[in-house]
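Encoded as structure tokens, the structure appears first; notes follow it.
Numbering (my numbering), first residue to last: 10 to 196.
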């Protein structure tokens, strides 16, 4: 496959199809640690985002990403907070911590430093899940995209985080597959 040729040390962990409809307000800045925080090093996960419809202009549902060092540091703080919360789900004896909240200044920084490429149907955007990204508004027509999550072939998966995601009901197909493969004693 193309992934094996271009990134031989990675494999496809999961994929999905997303469709945005007219007047969709997009999705705010986020990282993907919420749903894929089960890796020992979730920042090693890559996303391949392939629009199936052109996303060339404002209102077409483009994907914006922020690759600035300050944003990456902010995402690592967010990751630490989310992973702590996930461990707490699996083990209630872990002390509670306030949820991560971005300030208005941080939101403005992300908006100011975002990169929003114009892409044709079939183009591919590859980025690290540690990067904040968001989908922009769809004002007319519809936007469809195919998304793949790639992980290093030697990735390690955290048992407690997998159990936390299972308890929350997130990404159950992938979580259950990884539990069966790496931790069959808990299935």
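All C-beta atoms, glycine included, are put in the ideal place defined by N, C-alpha and C.
Quick caveat, the model's predicted, so the values are computed rather than measured.
* In this structure, does DSSP put residue 106 in helix, strand or coil? -> coil
* **Start and end residues, beta strand (DSSP E) containing residue 30** => No beta strand (DSSP E) holds residue 30; DSSP gives it neither H nor E.
* Asked: Which residue spans inside the stretch 50-107 form an unbroken alpha helix (DSSP H) run of at least 4?
  -> 78-99
* Asked: Roughly how many angstroms separate the alpha carbons of residue 52 and residue 144, rounded to a whole number?
  -> 20 Å
* To do: Could you spell out the range, first to last residue, of the alpha helix (DSSP H) harbouring residue 182?
  => 181-191
* **Exposure label - residue 84; buried when at least 16 CB within 10 Å** => buried
* DSSP on residue 196, reduced to helix/strand/coil? -> coil
* To do: Look up residue 143 in the DSSP assignment and give the residues it is bridged to.
  => 73
* Asked: Would residue 159 pass as a contact of residue 19 if the rule is Cβ separation under 8 Å?
  -> yes
* Mark residue 32 as exposed unless 16 or more other C-beta atoms lie within 10 angstroms of its C-beta, in which case mark it buried. => exposed
* Asked: Taking the Cβ atom as the reference point for each residue, do residue 80 and residue 11 lie within a distance shorter than 8 Å?
  -> no
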